[in-house]
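Remarks on the structure that follows.
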């Protein structure tokens, strides 16, 4: 067996055409596997979805909606989820966020404090006892519930929030619409949102801005107030006291855990308005009296005018620029591909609207940003991609940097050891080729699993770790071949063949150890990428170090024995193998 | 002994081969690892040091644009002066301006909080008129993210009797907060009891009264004054005080708000006065649950949620267990009062499950590798290599414990990742020993010398190879951002595990070989 392999390697080395063939095949395999990335055969994502025992539903009715309206939507969601067998319990938190979790941390769940918000925590059975993952469940339920519950109150958004597999982000896709003209950026963000809504695989599109609604402003008539012996403050206080109520006094008690407030408000039956009109408000104000300094009663309606106005929305800023966030989630898809699609649509759309659209120059993690210029006013706007995309780009950039760092460090280590750039280069080239296995492995994993198997950040970590493992294979191979040439005076070609044949067993042995060690990793949702990268990368590394590296070694002058290239160990050191 | 070891490998082997303490060392290592596994804080995800905070400045009556101009913009400009700030988010709303500050990842939380507070306080003199005292609230993930939540619900009916439920929940909260390492507890959806005075608008008009008068009337009665001291003639103290005139809701009802035609008008005449809950609080929580999987969901009931978070760096599993025990004691009491509770979040259990599952995976993987080695190397050799794995993991765990890390998914993945690499050093050593034992050249060498020589021989290349793998891990330490801190346990622990694997392989493989492996007297020339 070993002899056969030795002869096989020798036969390759002995013929130039065979050697060229090996190199050619390797290059084709490399090019082919790398091409799987741009052609989306293997898709990249920062981290895959994580099946969890819980997910949450965020409900936003339009600004100015009442708690009853919001609760109606929340109840509708619960009613529709009620018959899901895997749901154990659900908690509706009306007017506030659910108890803070990782996802809510960056989504501002802790800050929620108004009648138009509600959050629902949905707890599922243990993930091990359930077939359907939480993200598949969300993907299935989302369209049903949105369709049933969003129309209950016009303008409502219902969002499904899953626990993040890694660090939490505001949303998978965040477009920051930045500019100084606040009305204009509101308009632009609506355009952006409508494009995101049209993009396939994007769901839960939301514009993070207050809705403008009709409200009534009471304008105090200062002269009348002064002449009636009243004050503006008094008017304000009474109106607040009448409709919102006020805790006018406190009482401490030994038997109560908290202070008891004495809360004064108008009787709900008497303060209720007939309808939502200016007239109804004026009528009610007419009934409400103020007492002036002389003890005379003055109706509130006498001293204020009622005016219908638009509400003023909140203003958001990021790093001193006004901006509005438009967010979207991906439905079991990497955010990269819908993002690029939406971006192309935006470029076309805004050009059609007459804007001058420029792309962000240069390479940075903001490279997908778009600069818009309004030709009429010359005002500039920026559409910046943030959220998971930014984190992904940052992470891949850093891991890419770490990868290059690892390459350089290994190279330097080898140069110190071998005192030869060529040999070190061979080892490095050999270890880089494990990328073929990594990508092909992901492709196979994608074929055999039900949902998309993404190339993730953990796959990259696996790849970096593989570099070390496969460089060790090459290293021991070169070491052994050199010792054979020196100690036994074997000719170079034969020595290389013998070395790869004898090293085959320990290389296989350690490879099997790694494969078995990573087998359980591969089934994990998050570290699956790492496991698959290690398994398939190791397989590729075995082939590379036993066939491709010998070819390079044979071609390398540095392997020849001469005075410039003395072997550095003593002759007895034919080590490691049997 | 004739052989002089040249490499650190041989020196370690020689030093420990005949040492009686080697066995003690082995047992100690395993024990330390086991203790570390038990006492190290467990959590599901590693901690990410996100520092930041919010500055909240209220200005009643101001519109968003006004708030933006007078509060948000100047505040943001000041905050930009702080070093290490990544992003500043300003929100100008009605009546209030909020500036959220997010520091770069890795900024020390204490420093970050202090710098923010300092900057706001330094500029207090520039606060515009009409702005109330700004509030600086730092983020604190540990304390802010509860590890346990409970929902208290009424057993009968859907409406919660907050009048009864709130005091119970509050008392339980106090009791839970006393549990060791519990940090913050909150009640969500709680409605407090209060005396509601609902004034009838029509009656006001009829009696010719205003709301303000009623307010003043209540305020004049509901006062608390401290006790006063008086002195007697013989220089003794006499202490007396005025009792709060309001004791229960009847006292509120009987407040005289005005005189009408000579007869008093009581509050009860113009308003509905009752003890009730704070209905102005629009935050209400509801729950629907199943008793068993497969049951129908109960009707949606009102509930109060008690949230419990733990102190940073403490074991979520222990804290959760302690709290659950306390809750169990109160179960019957609650039931008697007509309330039940369900656990709606238990991160302690989740962390424990995640850790146990991975430990389970580790054990399975070790067994699989051991079985493979039996076929490749032989039974005794496999036993020796398999022993090294727990020893290496024990050292790594112990060092991780000393350096203040926690056991989480990522730490254990670092172990799983390194598992395939860990056995290599031991495999290489045992293989070389095996080769020497069966070769003619060393047939007449004493066993101990042979072991040292075999170990020493492969020292240099193995060291270099292991170093190469460590080199690949080092740059990963410098990956920035949240992902970097999330992944940090991998570059922190894998190199430690690899170095430990070398040391263990050099010390224990020859030692165990001496104890376990028997030399073949009539060997057939060893390997083919």
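Residue numbers (my numbering), protein chains in the order written: chain D, 1 to 578; chain R, 1 to 528.
Beta carbons are placed, not taken as given, at the ideal position from N, Cα and C, and that holds for glycine.
Excluding sequence positions up to five away, which residues of its chain have a Cβ less than 7 Å from the Cβ of residue i?
i	result
residue 144 (chain D)	80
residue 115 (chain D)	65, 66, 67, 70 and 95
residue 23 (chain D)	551
residue 340 (chain R)	153, 155 and 334
Does the Cβ of residue i have 16 or more other Cβ atoms within 10 Å, making it buried, or fewer, making it exposed?
i	result
residue 27 (chain R)	exposed
residue 573 (chain D)	In this prediction, residue 573 (chain D) scores a pLDDT of 44, lower than 50, which makes its location untrustworthy; no coordinate-derived value is stated.
residue 378 (chain D)	exposed
residue 93 (chain D)	buried
residue 386 (chain D)	buried
residue 32 (chain D)	exposed
residue 333 (chain D)	buried
residue 208 (chain D)	buried
residue 278 (chain R)	buried
residue 39 (chain D)	exposed
residue 511 (chain R)	buried
residue 100 (chain R)	buried
Considering only C-alpha positions, which residue in the set the options is nearest to residue i?
i	options	result
residue 158 (chain D)	D:62, D:311 and D:227	D:62
residue 159 (chain R)	R:418, R:72 and R:287	R:287
residue 167 (chain R)	D:447, D:553, D:304 and D:258	D:258
residue 313 (chain R)	R:202, R:13, R:407 and R:456	R:407
residue 476 (chain R)	R:495, R:459 and R:62	R:495
residue 178 (chain D)	D:326, D:85 and D:37	D:326
residue 4 (chain R)	R:456, R:153, R:415 and R:400	R:456
residue 402 (chain R)	R:36, R:16 and R:6	R:36
residue 161 (chain D)	D:192, D:53 and D:301	D:53
residue 503 (chain D)	D:525, D:199, D:193 and D:543	D:543
residue 368 (chain D)	D:347, D:351 and D:3	D:347
residue 245 (chain D)	R:350, R:214, R:253 and R:269	R:214
residue 460 (chain R)	R:429, R:400 and R:514	R:429
Keeping to the same chain, check which residues put their C-beta closer than 8 Å to that of residue i; ignore five residues upstream and five downstream.
i	result
residue 248 (chain R)	275
residue 255 (chain R)	217, 218, 221, 266 and 267
residue 300 (chain R)	158, 286, 287 and 288
residue 297 (chain R)	288, 289 and 290
residue 555 (chain D)	19
residue 194 (chain R)	275, 276, 277 and 278
Give every residue of the same chain whose Cβ lies closer than 6 Å to the Cβ of residue i, excluding the five residues on either side of it in the sequence, and list them in chain order.
i	result
residue 502 (chain R)	425 and 466
residue 364 (chain D)	none
residue 441 (chain D)	532 and 536
residue 199 (chain D)	338, 341 and 342
residue 11 (chain D)	none
Kindly say whether residue i, judged by its beta-carbon, lies nearer than 8 Å to any beta-carbon of chain B.
i	result
residue 42 (chain R)	Absent from the structure: chain B. Protein chains present are D and R.
Can you name the residues that DSSP bridges to residue i?
i	result
residue 299 (chain D)	D:289
residue 273 (chain R)	R:197
residue 601 (chain D)	Any question about residue 601 (chain D) goes unanswered here, given that chain D covers just 1 to 578.
residue 246 (chain D)	D:264
residue 160 (chain D)	D:57
residue 345 (chain R)	R:149
residue 437 (chain R)	Partner(s): none; residue 437 (chain R) has no beta bridge.
residue 305 (chain R)	R:151 and R:188
residue 138 (chain R)	R:53
residue 100 (chain R)	R:54 and R:89
Can you tell me where the beta strand (DSSP E) with residue i in it begins and where it stops?
i	result
residue 600 (chain D)	In this structure chain D extends from 1 to 578, so residue 600 (chain D) is not present and cannot be described.
residue 158 (chain R)	No beta strand (DSSP E) holds residue 158 (chain R); DSSP gives it neither H nor E.
residue 123 (chain D)	117-124
residue 305 (chain D)	304-310
residue 89 (chain D)	87-94
Quick check: is any heavy atom of the ligand FMN less than 7 Å from the C-beta of residue i?
i	result
residue 361 (chain R)	For the structure depicted, the ligand FMN is absent and the ligand set is empty, with no information on it obtainable.
Which stretch, first to last residue, makes up the alpha helix (DSSP H) that contains residue i?
i	result
residue 380 (chain R)	379-402
residue 448 (chain R)	447-457
residue 210 (chain D)	That residue, residue 210 (chain D), is in no alpha helix (DSSP H); it is neither H nor E in DSSP.
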